[in-house]
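Trainee: Supplied in structure tokens, the structure appears directly below.
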Amino acid sequence: MPSFHPRMFMRGINAPPGGLSAINDISRLSPFVTRILGKNPSAFTLQGTNTYLVGAPNAKARVLIDTGDAFSSAAYTPLLLKAMRELNVSNIAAIILTHHHADHVGGVHAVLKALSQKDSSAKQEPVPVFKMKFPGDDATFVDVNDGDILHTDGTLKRNGTTVAQCSVNPNVTLRFLHTPGHTEDHISLLLEEEQSIFTGDCVLGESTPVFSNLPAYMRSLERLCDEFDECKRRRANGTPATLYPSHGKAIDDGAAHVRRYIVHRNQRDEDVLKALDTCPNRKSTPWNLTSLIYQGLPLPVRLGAVGVLLQHIKKLEGEGKVRIHPARGIASYVAPEVVTNAALVEVERL
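With the first letter of the sequence shown counted as 1, position 152 gets the number 152 in UniProt numbering; the numbers rise by one all the way through.
Structural data, given as structure tokens:
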């Protein structure tokens with residue numbers, strides 16, 4: 001887990017943006033899916049981190065997807081236990097973490113402690129924590145790969161071979177999809193029984209996320225489009241597949257929502273080029289371009305937006321549409337997980 005995370009720093013000075021959908025602390029979204037808010041609202045986490053209890057109706061065990069952050073665990077863990085009581089759930093079969101950001105992994109130890117101390121006639125069995133490997137991860141996490149499947153009997157299989165075993169049956173089938181771009185270790189999860197997808201921070205229900213690698217992110221969006229199309233095809237009634245994001249409301253038509261994301265990212269490339277056309281000598285700095293393109297955003301959000309724009313500029317340079325000239329250094333927010341000294345560059349339209 002990173003020792004410093006800008007989202008946690010920003011939370012103290014950022015309120016969530018206006019106009020967001022109202023989300024209850026606990027929401028039964030389908031017979032298989034219950035959402036529990038992480039109680040950590042901010043400009044970057046929106047209403048807060050969505051965590052999910054996933055399992056078959058009337059089953060005594062569930063899988064928990066994500067755990068919120070450490071700072072809000074005192075408010076979050078009672079909600080988790082309340083949701084378990086309301087569902088008559090006695091055990092968490094496994095915890096799955098979508099990626100290493102603190103608002104997803106930070107609450108894991110508080111959750112494990114709360115589960116071990118819960119007042120219940122049924123003893124909580126040991127809980128494996130599944131996550132794609134990333135430097136600095138807790139050594140107890142169980143590594144997962146693209147294509148791994150958590151089966152109803154609690155076996156985690158890779159290419160048909162069992163690589164891990166839950167102490168209790170999760171009663172659902174979850175397929176792991178590696179969807180990098182937001183972070184390198186980001187995974188999404190396909191719920192086979194429902195033919196729906198948990199998209200983590202790759203695709204949000206409202207607003208758009210930051211990302212550390214735009215080309216990889218675009219490939220992940222394209223893959224999710226294909227997966228949502230396949231989910232719709234496999235559904236008995238042929239209805240669009242639901243998208244369960246880590247922030248914001250659930251989306252009934254996941255494929256259409258992801259396609260809007262792709263259009264938006266391509267449009268942002270055009271926005272950079274058009275903004276450069278208005279600048280003297282068709283040159284400007286990333287910060288000035290951010291101010292032109294993201295007019296009206298509060299400063300903390302623009303600090304995130306400049307990181308997004310730098311990714312677009314880097315992509316456009318690779319396509320031969322802009323040239324980047326190094327200049328003096330300033331402190332910039334240049335990636336979703338770090339604040340660092342980066343070169344304040346000048347960007348020239350070609």
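Virtual Cβ for every residue (Gly too), placed ideally from N, Cα, C.
The structure displayed is predicted, hence computed values, not measured ones.
What are the residues that DSSP puts in a beta bridge with Leu-64?
Mentor: To locate residue 64, count along the sequence shown from 1; it is residue 64. According to DSSP, Leu-64 bridges with Leu-53, Ile-95.
Trainee: Using the Cβ count rule (16 or more neighbours within 10 Å means buried), how would you classify Asn-237?
Mentor: If you number the sequence shown from 1, residue 237 lands on position 237. When all chains shown are included, Asn-237 counts as exposed.
Trainee: Using only the alpha-carbon positions, how far apart do Leu-174 and Gly-160 sit?
Mentor: As a working mapping, residue 174 is identified with position 174 in the sequence shown. As a working mapping, residue 160 is identified with position 160 in the sequence shown. If you take the alpha carbons of Leu-174 and Gly-160, they lie about 14 Å apart.
Trainee: Taking the C-alpha atoms as reference points, what is the distance between Ser-116 and Asn-91?
Mentor: Looking up residue 116 in the sequence shown gives position 116. Looking up residue 91 in the sequence shown gives position 91. Looking at the two C-alpha atoms, the distance is approximately 10 Å.
Trainee: I need the DSSP call for Ile-187, collapsed to helix, strand or coil.
Mentor: Position 187 of the sequence shown holds residue 187. Strand at Ile-187.
Trainee: Rounding to the nearest angstrom, what Cα-Cα distance links Asp-201 and Thr-208 in this structure?
Mentor: The count along the sequence shown starts at 1 and reaches residue 201 at position 201. The count along the sequence shown starts at 1 and reaches residue 208 at position 208. So the alpha carbons of these two residues sit roughly 9 Å apart.
Trainee: Give the DSSP-derived three-state secondary structure of Glu-222 in the structure shown.
Mentor: Numbered from 1 along the sequence shown, position 222 holds the residue referred to as residue 222. Helix.
Trainee: When the distance is taken between beta carbons, is Thr-98 closer than 7 Å to Asp-66?
Mentor: Numbered from its first residue, the sequence shown carries residue 66 at position 66. Numbered from its first residue, the sequence shown carries residue 98 at position 98. Taking 7 Å as the Cβ cut-off, Asp-66 and Thr-98 qualify as a contacting pair.
Trainee: Just list the residues that DSSP pairs Ile-197 with in beta bridges.
Mentor: As a first step, residue 197 is located in the sequence shown; it is residue number 197 there, counting from the start. Partner(s): Leu-190, Leu-243.
Trainee: State buried or exposed for Asp-277, treating a residue as buried only when at least 16 other CB atoms are found within 10 Å of its CB.
Mentor: Residue numbering aside, residue 277 sits at position 277 when the sequence shown is read from its first letter. Per the 10 Å Cβ criterion, exposed.
Trainee: So what's Ile-149 in DSSP terms, helix, strand or just coil?
Mentor: If you number the sequence shown from 1, residue 149 lands on position 149. Strand at Ile-149.
Trainee: Express the C-alpha separation of His-151 and Thr-290 in angstroms, rounding to a whole number.
Mentor: In the sequence shown, the residue the question calls residue 290 occupies position 290. In the sequence shown, the residue the question calls residue 151 occupies position 151. About 46 Å.
Trainee: For residue 351, which residues of its own chain have a beta-carbon under 6 Å away from its beta-carbon, when the five flanking residues on both sides are left out?
Mentor: The requested residue 351 does not occur in the structure, where the chain is confined to residues 1 to 350.
Trainee: CA-CA distance, Arg-328 and Lys-321?
Mentor: Within the sequence shown, the letter at position 328 stands for residue 328. Within the sequence shown, the letter at position 321 stands for residue 321. The pLDDT assigned to Arg-328 is 44, lower than 50, so where the model puts this residue is not dependable; a value taken from the coordinates is nonetheless given after this. Rounded to the nearest angstrom, the two C-alpha atoms are 23 Å apart.
Trainee: Val-163 to Gly-38, Cα distance in whole Å?
Mentor: Position 163 of the sequence shown holds residue 163. Position 38 of the sequence shown holds residue 38. So the two alpha carbons sit approximately 30 Å from each other.
Trainee: Using only CA atoms, which one of Asp-229, Gln-267, Ala-59 lies nearest to Asp-252?
Mentor: For this step, residue 252 is matched to residue 252 along the sequence shown. Ranking the options by Cα distance to Asp-252, first place goes to Asp-229.
Trainee: With hydrogens ignored, establish whether the beta-carbon of Asp-137 is closer than 6 Å to any heavy atom of the ligand NAD.
Mentor: Among the components of this structure there are no ligands whatsoever, and the ligand NAD is therefore not found.
Trainee: Would you check if there are 3 or more beta carbon pairs closer than 8 Å linking the region 72-80 to the region 24-44?
Mentor: Yes: the two stretches touch, three or more of their Cβ pairs being nearer than 8 Å.
Trainee: By a C-beta neighbour count over all protein chains shown, 10 Å radius and 16 as the cutoff for buried, is Arg-85 buried or exposed?
Mentor: Counting from one through the sequence shown, the residue named residue 85 turns up at place 85. The residue is exposed, with fewer than 16 neighbouring Cβ atoms inside 10 Å.
Trainee: On the three-state DSSP scale, how would you describe Phe-130?
Mentor: For the purposes of this step, residue 130 is taken as residue 130 along the sequence shown, with counting starting at 1. It is a strand residue.
Trainee: Between Ala-75 and Cys-166, is the Cβ-Cβ spacing less than 7 Å?
Mentor: One-based indexing of the sequence shown puts residue 75 at position 75. One-based indexing of the sequence shown puts residue 166 at position 166. Going by C-beta atoms, Ala-75 is not nearer than 7 Å to Cys-166.
Trainee: Which same chain residues end up closer than 8 Å to Thr-239 when comparing Cβ atoms and leaving out the 5 residues on each side of it in sequence?
Mentor: Residue 239 sits at position 239 when you count from the first residue of the sequence shown. Around Thr-239: Lys-232.
Trainee: Within the continuous beta strand (DSSP E) that includes Val-272, where are the two ends?
Mentor: Taking the first residue of the sequence shown as position 1, residue 272 is located at position 272. First-last for Val-272: 254-277, but that is the alpha helix (DSSP H), not the beta strand (DSSP E).
Trainee: For Glu-145, which residues from the same chain have a beta carbon less than 8 Å from its beta carbon, with the 5 sequence-adjacent residues on both sides left out?
Mentor: As a first step, residue 145 must be located in the sequence shown, where it is residue number 145. According to the sequence displayed, residue 145 carries Asn and not Glu. The residues are Met-132, Arg-158, Phe-176, His-178.
Trainee: Please report how far the alpha carbon of Val-210 lies from the alpha carbon of Ala-61, in whole angstroms.
Mentor: Walking along the sequence shown from the start, residue 210 turns up at place 210. Walking along the sequence shown from the start, residue 61 turns up at place 61. Their backbone Cα atoms lie some 34 Å apart in a straight line.
Trainee: Whole angstroms are fine: how far does the CA of Ile-187 sit from the CA of Ile-197?
Mentor: The residue labelled residue 197 in the question sits at position 197 within the sequence shown. The residue labelled residue 187 in the question sits at position 187 within the sequence shown. Their backbone Cα atoms lie some 11 Å apart in a straight line.
Trainee: I think Val-306 touches Pro-326, with their Cβ atoms under 8 Å apart; what is that distance to the nearest whole Å?
Mentor: Translated into positions along the sequence shown, residue 306 becomes position 306. Translated into positions along the sequence shown, residue 326 becomes position 326. Contact doesn't hold; Cβ gap of about 16 Å is too wide.
Trainee: Given that a residue counts as buried once 16 or more other Cβ atoms are within 10 Å of its Cβ, and exposed if not, what is Gln-295?
Mentor: Within the sequence shown, numbered from 1, the residue matching residue 295 stands at position 295. Exposed, since its Cβ has fewer than 16 Cβ neighbours within 10 Å.
Trainee: Pull up the distance between the alpha-carbon of Met-218 and that of Leu-204, whole angstroms please.
Mentor: Your numbering for residue 218 matches position 218 in the sequence shown. Your numbering for residue 204 matches position 204 in the sequence shown. Rounded to the nearest angstrom, the two C-alpha atoms are 15 Å apart.
Trainee: Which full runs of the alpha helix (DSSP H) of 4+ residues lie inside the region 285-335, going along the chain?
Mentor: The region 285-335 contains these whole alpha helix (DSSP H) runs: 286-293, 299-318.
Trainee: Quick check: the Cα distance between Ala-241 and Leu-64, rounded to an integer number of angstroms?
Mentor: Here the question's residue 241 lines up with position 241 in the sequence shown. Here the question's residue 64 lines up with position 64 in the sequence shown. Rounded to whole angstroms, Ala-241 to Leu-64 spans 21 Å at the Cα level.
Trainee: According to DSSP, Ser-42 sits in a beta bridge with which residue or residues?
Mentor: The residue you call residue 42 lines up with position 42 of the sequence shown. Paired residue(s): Leu-46.
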